[in-house]
Amino acid sequence: MAAVAWSLAACDAAPNTKSVAELNDLYQKIEPGMAEADLKTVAGEPTKKEPKDEATEWLYSEAGLNTSFLSVLVREGAVVKVTLRDRTNSSQEAQTKPAE
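In the working numbering, the protein residues as written are 14 to 113.
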């Protein structure tokens, strides 16, 4: 039980995590076409950066397990897609810009 409590505490202390409110706020501020430098100014360092085909995914996530996250695809120095996955309710709603 102590190991479980420690691992959950470690998740809560993960670097660069955001609250759901912060993720929603970032989703409103980040737009396709935004320069990568502006993205870094607005959102800060992502929780994780991961290469995806011809783009890089900047992932901002909430601390904990099965959490909400914001995915920002950056290609050639500019944002091309922003997706917010809100897992705070059972619908696990996703919003994407530009709309698919």
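Every residue, glycine too, gets a C-beta built ideally from N, C-alpha and C.
In the three-state reduction of the DSSP assignment, Ala-34 falls in the helix class, which pools H, G and I.
In summary, Ser-81 is buried, with 16 or more beta-carbon neighbours lying within 10 Å of its beta-carbon over all protein chains present. The alpha carbon of Ala-34 has as its nearest neighbour, out of Glu-58, Tyr-73 and Ala-68, the alpha carbon of Tyr-73. Note on geometry: alpha-carbon atoms of Glu-67 and Ala-56 lie some 22 Å from one another. A straight line joining the alpha-carbon of Gln-108 with that of Leu-86 spans about 14 Å. The secondary-structure analysis by DSSP pairs Gln-108 across a beta bridge with Leu-97.
By the neighbour-count criterion, in which a residue is buried when 16 or more other Cβ atoms sit within 10 angstroms of its Cβ, Pro-64 is exposed.
Assigned with DSSP and collapsed to three states, Glu-63 falls in strand. Judged by DSSP in its simplified three-state form, Ala-76 adopts coil rather than helix or strand.
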